[in-house]
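The sequence shown lines up with residues 4 to 779 when you count with our numbering.
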Amino acid sequence: MAAKKSPFFDTATTLGKIVAFFGVSALSGVLAAGLMVPIASLAGSSANAGVEIFDALPASFKGEPIAQPSKIVAKDGSTIATFYSENRQPVKLKNISKIMQKAIISIEDERFYEHNGVDVRGIARAAVNNFTSSSQQGASTLTQQYVNNLLVNADVVNGVDRSEMTVSGSKDIADKAREAKLAISIEKEMTKDEILEGYLNLVLFSGRNYGIQAAAQRFYSVDAKDLNVQQAAMLAGMVQLPNAYNPEKYPERSLKRRNTVLAAMLRTGAIDKPAYDKAVKSKLGVKPKEVKSGCVAADSSAYFCDYVTRLITTDEAYGKTKKDRENLLYRGGLTIKTTLDPRLQKEAAKQSKAMIPADDKSNIGAAIVTVEPGTGNILAMGQNKTYAPTDESVGELTTINFAVEKALGGAGGFQGGSTMKPYTTMAWLESGRNMWDRVNAPNKRNYPASFRWQASCLPRGYTIAAGDDGKGWSPANAVTGYPSSMTVDYGLFNSVNSATVAEASKLDLCAIAEGTERLGLIDYDNHVNPTTGKTTSASYPISPANPSFVIGSARITPLAQATAFATWANNGEFCENRALTSVTDATGTAYKVKPVTCEQAVSPQVVADMNGTMTKIAKQKVTKGAIDYPIAGKTGTNNGANSTWFVGYTTGMASAAWVGRYDKNQNDETRNVLIDGVSRSWVDSGTWASPLWTNYMKQVGDLYPTESFGRAKSAPKPPAPKKVEEDESDSASSETSTSKETEAAKESEAPKATETAKPKGNSGDTPTPPKKTNDD
C-alpha cells in the first residue's frame, strides 16, 4: 500500500506549478535524481517564475512534540518500567561527545557550518556522480534531514503514515522543495549547534531506538558524552540505513561502514592519521543493553505495572479516547511516580512463588497485596505467576492480576469466606452491643422461609431466605463440637458460621451491608443496580437481599480487603487505596492524581474491641508466636476451598494473602487434588494463605510502624456466683474467655452467592478435618 501523503502536500495546483517549472529548468536532471537547488540561485525568466513559486511555499509548519519514553517509578525513585514507541533520551549538545559531533558531520554534511541549510556545492557534486556513476549520492544537509525528521514526527502524531517515504527515500519534488524551504528558514531561527543537537536527538539509529543517547546505551552501554572515536564512527554510519547497518545483525557490513566514516573523519580533519590507524584496526566492541518497553520488563513488579498502565489508559484526565491516552503513555515522556515499595514488592512476589510454584500443574494462584493504613498507598502487589501476554490462563504465564477487578486487568474477585465475618461483628458493636454478649448458635440451626431478616433499605423492609428447597436456610458449621451458646468474641475467634448468622439475625442486614460499602467493598457478582433494580454489566456494593453474604458469598478482591482491613489498623479511619502520587509529562505539565483521601468510618472504640479478638486470631491461630510485634487479622475459606485467605495487619501495613483458583476451573475443589506435589483431604486458610502472610511479614513487617492497637473494653465483672441446683447445667456459662474455649473449631464455609434471596448454606457434608489441622 502506498504511503499516505502528508496533508501539506495534498495541493495539486502548487505541485503542478513546481513540476512545470522544474521541467524547463536546466537542473531538471539533478532534481530527477532527488536533489534540490535553491531556486534563488537560478537565472532567467523561468527561474524568476520558480522563485515566485518557491517563495509561495510555507516557511514554517506546526511542530509536534517529539516522542519520548514514559517511565513508571517506585516510591524510592527506581524505575519499574519504560514505555515507548520511540526509545529516546534527549540530551544537550554539551552531553554529546565532541568526536560524535564530528563523526556525524564528516559523513552526513561536512559543510554543515558553511551552508545556509541547502548545500549547492554538495548538490552539484552529487549530480555529477549520479549522472556519471552507477552509484547514487544524496546531498541533503543535516538541516534538511532534521526538517525531514520533524515532518515525519508531525505526521506520525497526526496519524499520517509516511513510513514508506522515510525508509525508501521516495520523496517527490514537492517534498524536497518544502524540505529545502524549511531548512533555509530554520537556519535563520536556530544556531548551528541547536540544529545539530536537535538532529542528534531526533534521528533513528535502529529499530525503535532514536537519538544518540538511546543509541549509545543500546549498543555500547555508555552515555553519549563518553563515546570514543570508533564507537562514534559506527553510530554515525548507522543513520544512513539504520537496519542495514545494525552491528548485532550485520557485523561485517557495519564494520565496513564504520571504517568508511573513519575515512571521512580523516579527510575532513576530524581525526589525525594515528587516531585513524588505531580506530580502523579495532573491533566493533559492541556491548548491547536493551531497554524493553512495557510491563514485561518490570520483573517482580509486572502486575502492579499493568495495574498502573490501566489506571492511565482508562482515565479521561489523560486524553479523551483510549488511543489518545495510549499515545500519551508511549510518546508523552510521562514520569509516573507510584506508591510501590520495592522492598515489599520483591518479597511479595518471592513468597507467593515459594508458596505455590508458578508452573505447578494445578494452576493454583497465590497473591499478596499490601496497603498502608493512613494513606491508602499500595505498597506491594505480588503473585506467583509470570506476567506475559497469553491466550490461555493456564500454566506459568498470565496477565491476569489476582488482586484487582476485571476492568483493571484482574480476575474479578473471589468469595471472601470468613474474612467477611468481622463486618457483622462491626455492625453488632455499632448497634451498641458488646463482644462479650452471648448468642444462641447451635450447629445447623434452621431459619425457615417465613423468617423475616430485617433489611430496612429494601422495599419491603425485610428479606427472606427460602433455600433451594423452599424450606429456609440451615447454615451449618464446618465441624461440630461448638457449644450451642457462645460469646460474640468466641464466635469470631473460632470463625463459627452459626454465631455470625445468629448475630446477623438480630441486626439490620442493611447496616451490615452498608458497613462493607463504607469500607469500599464491591461484590463483583452483584450486577443489580440498587436504584433501578435493573441488571447491568457494572458491579455494585454488596446487596443485603441475600443473607449469605455475612459468611462470605460475595466476590471481592484482595486489594479491596487489604484496603478495608487497613481501616481497623488505623483507628477506624478509612483511606481509599491509590497507586499514583504524581504524573508529569516531558514539558513539565502535571496531571491530576488521586490525593490521600481518608475519613473516619468506624468508631475507634469499635475498632479496638474488634482488634481485641482479631489480635488473638493472628497471634494464636495464624503465626503461633512467629511474630512478636502487634498483629491482627482474619482467616477465610469458601466452599470447596478454592478461595482461601488471611487478611492481616499492623498499624503500618495491611496485607491480604489469597490462594486459590482463578481460571476456568475456579469452582473446582482444591481438596484431594495434587498441588505442589501434595494431595490433601482437608484444605483451608491454614494450608497456604496464612503461611504465605506469615512468611511475608517475617521479612518486611517491621519496615513500617508496629504500634499497639487500642484497648478493647472489658466485660463487666460477673455477679457473685449463686448456688446451683443439682438439675442445672453450667455448660452454657462455661465460656469466660476465648483462650479457655474449645480449639477443635474449624472455620465455617461460605455458601455460593446468588442473585435471589435463597442463600446456599453449608450442606453439612464437609469432611471433618484431622485433629491436628490448624484452626481457621
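We put the beta carbon where it would ideally sit given N, CA and C, even for glycine. Just so we're clear, the structure is a prediction, and the values are computed from it rather than from any experiment.
Original post:
Roughly how many angstroms lie between the CA atoms of Gly377 and Trp571, to the nearest whole one?
Top reply: Distance between the alpha carbons of Gly377 and Trp571 is about 11 Å.
Original post:
Can the beta-carbon of Pro708 be found closer than 7 Å to that of Gly655?
Top reply: Yes.
Subject >> Helix, strand or coil at Glu579 [DSSP, three-state] >> reply: Glu579 falls in the coil class under three-state DSSP.
Original post:
Got a sec, what are the start and stop residues for the beta strand (DSSP E) Ile381 sits in?
Top reply: Looking at the DSSP string, the run of the beta strand (DSSP E) that includes Ile381 is Ile381 to Gln386.
Original post:
Can you tell me whether DSSP reads Ser606 as helix, strand or coil?
Top reply: The answer is coil: DSSP assigns Ser606 none of H, G, I, E or B.
Original post:
Which term fits Gln354, buried or exposed, when burial requires 16 or more other beta carbons within 10 angstroms of its beta carbon?
Top reply: With 16 or more other Cβ atoms within 10 Å, it is buried.
**OP:** Kindly list the residues whose CB is nearer than 6 Å to the CB of Leu207, restricted to its own chain and excluding five residues on each side of it in sequence; keep chain order.
**Re:** So the qualifying residues of the chain are Tyr213 and Pro245.
Original post:
Taking DSSP as the reference, what is the three-state secondary structure of Lys340?
Top reply: In the structure shown, Lys340 sits in a strand (DSSP, three-state: E or B).
**OP:** Would you list the one or two residues that DSSP bridges to Ser658?
**Re:** DSSP output for Ser658 lists Thr373 and Gly651 as bridge partner(s).
**OP:** Look up Phe208 in the DSSP assignment and say whether it is helix, strand or coil.
**Re:** In the structure shown, Phe208 sits in a strand (DSSP, three-state: E or B).
Original post:
What are the uninterrupted segments assigned as beta strand (DSSP E) that are 3 or more residues long and contained completely in the stretch 407-486, given in chain order?
Top reply: Taken in chain order, the whole beta strand (DSSP E) runs of length 3 or more contained in the stretch 407-486 are 441-443.
Original post:
How long is the line joining the alpha carbons of Asn262 and Lys101, rounded to whole angstroms?
Top reply: Rounded to the nearest angstrom, the two C-alpha atoms are 18 Å apart.
Original post:
Any chance the CB of Ser88 is under 6 Å from a heavy atom of the ligand HEM?
Top reply: Annotation note on the ligand HEM: not contained in the displayed structure, which lists no ligands.
Original post:
Where Thr401 and Gly368 are concerned, what is the direct C-alpha to C-alpha distance, given to the nearest angstrom?
Top reply: Taking the straight line from one Cα to the other gives about 11 Å.
**OP:** Please say whether Thr144 and Asp196 have beta carbons closer to each other than 7 Å?
**Re:** Their beta carbons are not under 7 Å apart, which means Asp196 does not touch Thr144 by this criterion.
Original post:
How do the stretch 403-413 and the stretch 303-313 stand: do at least 3 beta-carbon pairs fall below 8 Å, yes or no?
Top reply: By the Cβ test, the stretch 403-413 is in contact with the stretch 303-313, since at least three Cβ pairs between them sit closer than 8 Å.
Original post:
DSSP three-state call for Val187: helix, strand or coil?
Top reply: The sequence given here has Ile at residue 187, not Val. Here Ile187 sits in helix by DSSP.
**OP:** Classify Ala247 as buried or exposed, calling it buried when 16 or more other Cβ atoms lie within 10 Å of its own Cβ.
**Re:** Exposed.
**OP:** Mark Ser556 as exposed unless 16 or more other C-beta atoms lie within 10 angstroms of its C-beta, in which case mark it buried.
**Re:** Buried, since its Cβ has 16 or more Cβ neighbours within 10 Å.
**OP:** Compare the C-alpha of Ser646 against each of Asp362, Ile545, Ala414 and Val586 and name the closest.
**Re:** Nearest to Ser646 by C-alpha distance, out of Asp362, Ile545, Ala414 and Val586, is Ala414.
Original post:
So the beta strand (DSSP E) Lys637 belongs to, where does it begin and stop?
Top reply: Looking at the DSSP string, the run of the beta strand (DSSP E) that includes Lys637 is Ala635 to Thr640.
Subject >> Spatially closest choice to Thr600 from Lys622, Met613, Phe577 and Thr590, by CA coordinates >> reply: The candidate whose alpha carbon is nearest that of Thr600 is Phe577.
Original post:
If you draw a straight line from the C-alpha of Ile403 to the C-alpha of Ile634, how long is it?
Top reply: Using only the alpha carbons, I get a separation of about 30 Å.
Original post:
Any idea if Ala541 is buried or exposed, counting beta-carbon neighbours within 10 angstroms, 16 or more meaning buried?
Top reply: Its Cβ having fewer than 16 others within 10 Å, Ala541 is exposed.
Original post:
Just the Cα atoms here: how many angstroms apart are Gln428 and Phe649?
Top reply: It is Thr, not Gln, that sits at residue 428 in the sequence shown. So the alpha carbons of these two residues sit roughly 17 Å apart.
Subject >> Cβ contact check for the stretch 481-489 and the stretch 599-614: 3 or more pairs under 8 Å >> reply: Contact between the stretch 481-489 and the stretch 599-614 is absent, with fewer than three C-beta pairs closer than 8 Å.
Original post:
Quick one: what does DSSP say Tyr149 is sitting in, helix, strand or coil?
Top reply: Helix at Tyr149.
Original post:
Can you find at least 3 beta carbon pairs, one from the stretch 586-594 and one from the stretch 336-347, that sit closer than 8 Å?
Top reply: Flag = yes, the stretch 586-594 and the stretch 336-347 touch.
Original post:
According to the neighbour-count rule (16 or more other Cβ atoms, all chains shown, within 10 Å of its Cβ), is Val703 buried or exposed?
Top reply: By the 10 Å Cβ count, Val703 comes out buried.
Subject >> Spatial distance of Arg558 from Ile545 (CA atoms) >> reply: Linking Arg558 to Ile545 through their CA atoms gives a straight-line distance of about 9 Å.
Subject >> Per DSSP, the bridge partner or partners of Ser781 >> reply: Any answer about residue 781 is impossible in this case: the structure gives the chain only from 4 up to 779.
Original post:
Near Lys74, what residues of its chain come up, given a Cβ to Cβ distance below 8 Å and the 5 sequence neighbours on each side ignored?
Top reply: Within the same chain, Lys74 has close Cβ partners Thr82, Ile83, Ala84, Thr85, Phe86, Leu337, Thr338 and Ile339.
**OP:** Using the Cα positions of Lys424 and Pro561, report the straight-line distance between them to the nearest angstrom.
**Re:** Looking at the two C-alpha atoms, the distance is approximately 15 Å.
Original post:
Pro547: buried (16+ other C-beta within 10 angstroms of its C-beta) or exposed?
Top reply: Buried: at least 16 other Cβ atoms inside 10 Å.
**OP:** With a threshold of 16 other CB atoms inside 10 Å of the CB of Leu790, please say whether the residue is buried or exposed.
**Re:** Outside the modelled stretch of the chain, which goes from 4 to 779, sits residue 790, for which no answer is possible.
Subject >> Sequence-distant residues of its chain with Cβ nearer than 6 Å to Ser209 (five each side left out) >> reply: If the five residues before and after Ser209 are omitted, its C-beta is found closer than 6 Å to the C-beta atoms of Pro245 and Asn249, all from its own chain and listed in chain order.
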